[in-house]
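Novice:
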Amino acid sequence: MKKVELLAPAGNMNKLKTAFHFGADAVYMGGKEFSLRAYADNFSRKEIVEAIEFAHSIDKKVYVTANIFPKNEDFEALEDYLKFLETAKVDAVLITDPGLIMRAKQVAPNLELHLSTQANNLNKYTIEFWAKQGISRVVLARELSLLEIKEIKEHNPDTEIEIFIHGAMCISYSGRCLLSNYLTDRDSNKGECIQVCRWEFNVDKPGVSLDAGRGNPPLEMQEDSRGTYILNSKDLNLIEYIDKLAPYVDSFKIEGRMKSEYYLATVVNAYRRALNEYYKYGSLKNVNEYMQELEKVIHRKYTSAYIDGKNEETVEYSGIQAGQDYIFVAVILKKLSFNEYLVEMRNRFMQGDELEIISPTDAHNKTFVVGKMESEDGEEVVDAKIVQQHLKMTIPFNIEEGDFLRMKVKS
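When you number the sequence shown by my numbering, it's gap-free, plus one each residue, and the end is 549.
Have a look at this one:
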């Protein structure tokens, strides 16, 4: 059975290592230059080299984004950057702009080129065209159905197909949005999106009729004490479609370079487990278990977007986020002896609290009650409240360095 790459975001080096620990086959990341996530930590050139060397040492891949829409003045620096990425032996660079693709082939001919979703890749002939331009992989637009993805792959069997499988979406699904530019003068197509679509929009009175252009009844905007949300998309979640998509997709991509390590660990772990189950049985037998796991991270209501065709239920009007009933409390640093571990505190917890393990091992989702804890100096700690304090504690399961501990928020 063909194995699909699980591709995760890496906003910094810690997140890169978290993604690989929990089962990602590859990561995509931005440098300090020319990335569409200018407000993520991102990687310096030195860090990019370190990340690539680390990934290759464990047989993983790194893709770097250079998917802005450049203007004339950007090209001199961009060409230097592409030459650097070629020298650093990055596995591929994600590009959107046709002019930059042309220049990349000229100045860095050994770079593998992937076409970003920003290029609005909606049909099989577009993918055929880009393959003829030297593009080895195309990231499809999120607006496509399963049937359309199938047709695209069957028409382009030699071109790798990548799709977004999970994560936040803007109201412009494929990302070519000008709201941020218009309202804040921050260029969303240069990586500075302010996420205007997540804002609440206030109106002068509780009900305002707007002409929707389709006659009666008119669209009615309603406002409560929080305001009103008219552009806020639900979050994508396609885990239950893995078995249907896998025959036509080469890479499943998780969104979230600005998400937390906890979010990344939980989501990557869920998709890794689902994919492994699919490889073993040819179908998903525990999809409800994976769906429940994905409820343990902060998210907007989930949607399958257009995977089944037309979908009018993709906007999140409430602005409310779910999944806030679990917190990330510690990361496992080292196994000291049988069932004794050194952990780093991330959020407050105490003796007597019940913690849950996040792990790629069979210990995943196992729970235990916190017993005696000690500082590295051997002093007993009843209340772990010092940020990033290292603690010795007993955990009655065999877990690994890099595993996480979480706690259900007390009601």
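For every residue, glycine included, the Cβ atom is placed at its ideal position computed from N, Cα and C.
(1) For Val276 and Ile465, I'd like the C-alpha separation in whole angstroms.
(2) Measure the CB-CB distance between Leu529 and Met545 and report whether it falls below 7 Å.
(3) Expressed to the nearest angstrom, what Euclidean distance is found between the alpha-carbon atoms of Leu348 and Leu383?
(4) Quick one: what's got a C-beta closer than 6 Å to Phe535's C-beta in the same chain, skipping five residues either side?
(5) In terms of DSSP beta bridges, what is Pro236 paired with?
(6) What is the rounded straight-line gap between the Cα of Leu282 and the Cα of Tyr444?
(7) Return the Cβ separation of Asp388 and Ile299 in integer angstroms, given the expectation that the two are a contact with Cβ distance under 8 Å.
(8) Would a C-beta distance cut-off of 7 Å place Phe302 and Leu144 closer than the cut-off?
(9) Less than 8 Å between C-beta atoms, sequence neighbours within five positions excluded: which residues of the same chain meet that for Ala522?
(10) I'd like the list of long-range same chain contacts for His437, defined as Cβ closer than 7 Å, with 5 residues on each side in sequence excluded.
(11) Where does Thr187 sit, in a helix, a strand or coil, going by DSSP?
(12) To the nearest angstrom, how far is the alpha carbon of Ser97 from that of Gln244?
(13) By DSSP's criteria, Tyr440 is part of a beta bridge. Which residues make up the other side?
(14) Can you tell me whether Ala215 is helix, strand or coil according to DSSP?
(15) May I ask which residues mark the beginning and end of the beta strand (DSSP E) holding Phe207?
(16) On the three-state DSSP scale, how would you describe Glu512?
(17) Please classify Thr156 as buried or exposed, where buried requires at least 16 other C-beta atoms within 10 Å of its C-beta.
(18) So the candidates are Ala148, Gly169, Asp197; which of them puts its Cα closest to the Cα of Leu216?
(19) On the CB-based measure, 16 or more other CB atoms within 10 Å of its CB, does Leu285 come out buried or exposed?
(20) Mapping the DSSP letters down to three states, classify Thr505 as helix, strand or coil.
(21) Based on Cα-Cα distance, which residue from Tyr419, Tyr386, Ile233 lies nearest to Met167?
(22) Return helix, strand or coil for Ile297, following the three-state DSSP convention.
(23) Identify the continuous beta strand (DSSP E) that holds Leu543 and give its terminal residues.
(24) To the nearest angstrom, how far is it from the Cα of Glu188 to the Cα of Ala257?
Specialist: In short, the structure shows the following:
(1) 36 Å
(2) no
(3) Note that Leu348 scores a pLDDT of 43, beneath 50, so its modelled location is shaky; the value from the coordinates is reported in the next line. Those two C-alpha atoms are separated by around 39 Å.
(4) Closer than 6 Å at the Cβ level, and outside the excluded window around Phe535, lie Ala501, Lys504.
(5) Answer is none; Pro236 lacks a bridge partner.
(6) 6 Å
(7) So it is a contact: roughly 5 Å between Cβ atoms.
(8) no
(9) Val467, Ala468, Met483, Arg486, Phe487, Met488, Met511, Leu529
(10) Around His437: Asp373, Gln459, Ala460, Gly461.
(11) Note on identity: in this sequence residue 187 is Val, with Thr being the wrong assignment. Residue state, collapsed to three classes: helix.
(12) The structure shown does not extend to residue 97, since the chain spans only 139 to 549, so no value can be given for it.
(13) Asp373
(14) helix
(15) Element bounds for Phe207: n/a, residue is neither H nor E.
(16) Here Glu512 sits in strand by DSSP.
(17) Buried, because 16 or more other Cβ atoms sit within 10 Å of the Cβ of Thr156.
(18) Gly169
(19) With fewer than 16 other Cβ atoms inside 10 Å of its own Cβ, Leu285 counts as exposed.
(20) Strand at Thr505.
(21) Ile233
(22) With the sequence shown as reference, residue 297 is identified as Thr, and Ile is not the correct amino acid for it. Correct three-state label for Thr297: coil.
(23) Here the beta strand (DSSP E) through Leu543 covers 542 to 546.
(24) 29 Å
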